[in-house]
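For the sequence shown, the numbering used here assigns the number 470 to the initial residue and increments by one for each residue that follows.
For glycine and all other residues, C-beta sits at the position ideal for the given N, C-alpha and C.
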Amino acid sequence: MITGAKRYDPRVAAALIKEKALQLGFSACGIAQVHPLTDDSEYLQKWLAAGHNGKMGYLANHADLRSDPSVLVPGAKSVIVVLLNYATSFSQQSESLKIARYAHGDDYHFVVKQFLGELLRFIAEEIAPVEGRAFCDSAPVFERRWAHEAGLGWIGLNHCLIHPEFGSFCFIGELVVDLELEYDHPIEGDCGFCGRCVTSCPTQAIQPQGFLKAEKCISYLTVELKDEIPQEYQQKLGGYVAGCDRCQEVCPWNRKASGYTAPLWKVDKSLLMMSDQDWLALEQPEFKRKFSKSSLTRLGYKKLMKNCQIVFEAAGTDGEAHT
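Written out as structure tokens, the structure reads:
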């Protein structure tokens with residue numbers, strides 16, 4: 470337990486926490502009351518039973534932890550949720566190869582958790598003794614649902630959280646704590662009759678009812694799938710070799726969203742400056758040096774270069790990537 474301040478008022482504490490989160494550089498902050506997410510757990514089990522997780526077997530693990538954060542943090546009462554907007558205006562120089570925006574800078578997992586750690590220390594020193602843990606896309610937590618519960622947006626047809634001001638290009642982080650706080654209310658927004666993400670998905674991974682077939686998703690195929698990308702999808706990558714932003718790029722909420730507001734997440738401009746030939750010539754030692762702090766380390770050098778080769782072959786471009 471981190472100790473410090475002794476007494477607190479839940480309403481005042483919530484306001485101080487949100488103010489501090491913005492001071493640290495987060496784009497938005499909301500707070501939800503801990504309770505079992507029974508509906509989400511049941512949906513996940515049906516989704517897994519249908520095989521839509523592809524080869525991501527780990528998603529079937531720790532069902533009890535996903536359902537109830539108090540299993541992760543004994544005595545948990547609140548989930549403090551932060552968003553970090555990463556919708557930069559920078560573009561890649563490469564004409565053929567695309568990297569999803571989340572990987573244009575430092576590994577967001579570490580950045581978000583680092584500053585959540587600072588927020589936890591602030592709570593302990595200025596508000597009350599606290600027991601808590603920070604999470605960012607690295608633990609069995611229903612992150613988008615907690616963000617929705619904390620009033621930070623709604624879950625769109627493309628399964629991304631959509632914030633009314635920042636759109637969906639946001640990293641999500643959580644601080645699960647054993648303090649009672651004043652809680653926010655869910656936003657009752659939805660995508661209406663839009664469906665642009667559904668019709669724009671090259672692999673039909675997004676179903677009209679909002680059902681996601683992750684085994685078809687380009688982000689899954691280029692990052693999570695350890696095997697070679699199936700032939701039927703190789704012509705549909707749209708140039709993406711790591712992740713995919715297609716369903717977010719066509720979303721009207723992103724077209725009118727506020728711009729990049731996250732200076733604590735730094736863009737790697739040297740990555741954006743890489744040309745097609747730079748990617749083709751990339752060798753493993755340089756990959757390890759250049760991307761040691763990048764999310765690209767998740768897919769690894771061999772997978773990345775194989776993806777590059779597939780994209781070039783699909784486009785009929787001359788050149789062979791190192792593998």
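Return the CA-CA distance between residue i and residue j, expressed in angstroms with no decimal places.
i      : j      : result
Asp714 : Cys666 : 10 Å
Gln746 : Leu566 : 10 Å
Leu749 : Leu773 : 11 Å
Val719 : Arg476 : 48 Å
Thr557 : Tyr709 : 18 Å
Pro479 : Cys716 : 39 Å
Glu587 : Trp722 : 31 Å
Ala545 : Pro699 : 43 Å
Gln583 : Leu681 : 31 Å
Leu733 : Cys498 : 15 Å
Lys725 : Gly625 : 16 Å
Val481 : Val548 : 16 Å
Ile596 : Val580 : 24 Å
Ile779 : Ile641 : 31 Å
Ser560 : Ser637 : 18 Å
Gly494 : Leu585 : 11 Å
Lys759 : Glu657 : 43 Å
Ser455 : Ile675 : An answer regarding residue 455 cannot be provided, because it is not within the stretch 470 to 792 covered by the chain.
Gly679 : Pro655 : 19 Å
Ala519 : Leu751 : 39 Å
Leu517 : Ala683 : 10 Å
Leu740 : Leu485 : 37 Å
Phe662 : Ser761 : 42 Å
Lys489 : Glu701 : 49 Å
Give me, in chain order, the residues of the same chain whose beta-carbon lies closer than 7 Å to that of residue i; leave out the 5 immediate sequence neighbours on both sides.
i      : result
Ala572 : Ala711, Gly712, Ser763, Ser764 and Leu765
Asp659 : Trp623
Val694 : The sequence given here has Leu at residue 694, not Val. Correct list, in chain order: Gly523 and Lys524.
Tyr770 : Gln753 and Phe756
Lys705 : Pro671 and Thr672
Lys515 : none
What's the call for residue i, buried or exposed, on a 16-neighbour Cβ count within 10 Å?
i      : result
Met742 : exposed
Asn522 : buried
Glu755 : exposed
Glu612 : buried
Arg590 : exposed
Glu643 : buried
Pro677 : exposed
His504 : exposed
His632 : buried
His617 : buried
Lys685 : buried
Gly601 : buried
Leu491 : exposed
Ala569 : buried
Lys487 : buried
Phe444 : A query on residue 444 cannot be resolved here, the shown segment of the chain reaching from 470 to 792 and no further.
Run the proximity test for residue i: is its beta-carbon closer than 6 Å to any non-hydrogen atom belonging to the ligand ATP?
i      : result
Phe662 : For the structure depicted, the ligand ATP is absent and the ligand set is empty, with no information on it obtainable.
Is the distance from the Cβ of residue i to the Cβ of residue j below 7 Å?
i      : j      : result
Ala619 : Ala501 : yes
Phe635 : Asn554 : yes
Thr691 : Asn627 : no
Gly574 : Asp737 : yes
Val645 : Val550 : no
Ser563 : Ser688 : no
Ala783 : Gln703 : yes
Asp537 : His578 : no
Glu651 : Ala483 : yes
Val599 : Leu648 : yes
For residue i, which residues from the same chain have a beta carbon less than 6 Å from its beta carbon, with the 5 sequence-adjacent residues on both sides left out?
i      : result
Gly785 : none
Gly707 : Pro671
Asp533 : Val540
Ser727 : Glu634 and Phe635
Asp653 : Gly499, Ile500, Ala619 and Gly620
Go through its chain and collect everything with a Cβ distance to residue i's Cβ below 8 Å, but skip five positions before and after it.
i      : result
Arg614 : Leu506, Asp509 and Ile624
Arg767 : Val692
Arg535 : Leu506, Asp509, Ser510, Leu513, Pro609, Val610 and Phe611
Lys735 : Gly574 and Asp575
Gly664 : Leu626 and Pro677
Tyr527 : none
Fully enclosed by the segment 506 to 551, which alpha helix (DSSP H) runs are 4 residues long or longer? 507 to 518, 532 to 536 and 538 to 541
Give the list of continuous beta strand (DSSP E) stretches no shorter than 3 residues that lie fully inside the segment 573 to 618. 601 to 604
Along the chain, which unbroken stretches of the beta strand (DSSP E) at least 3 residues long are found entirely within the segment 643 to 728? 709 to 711
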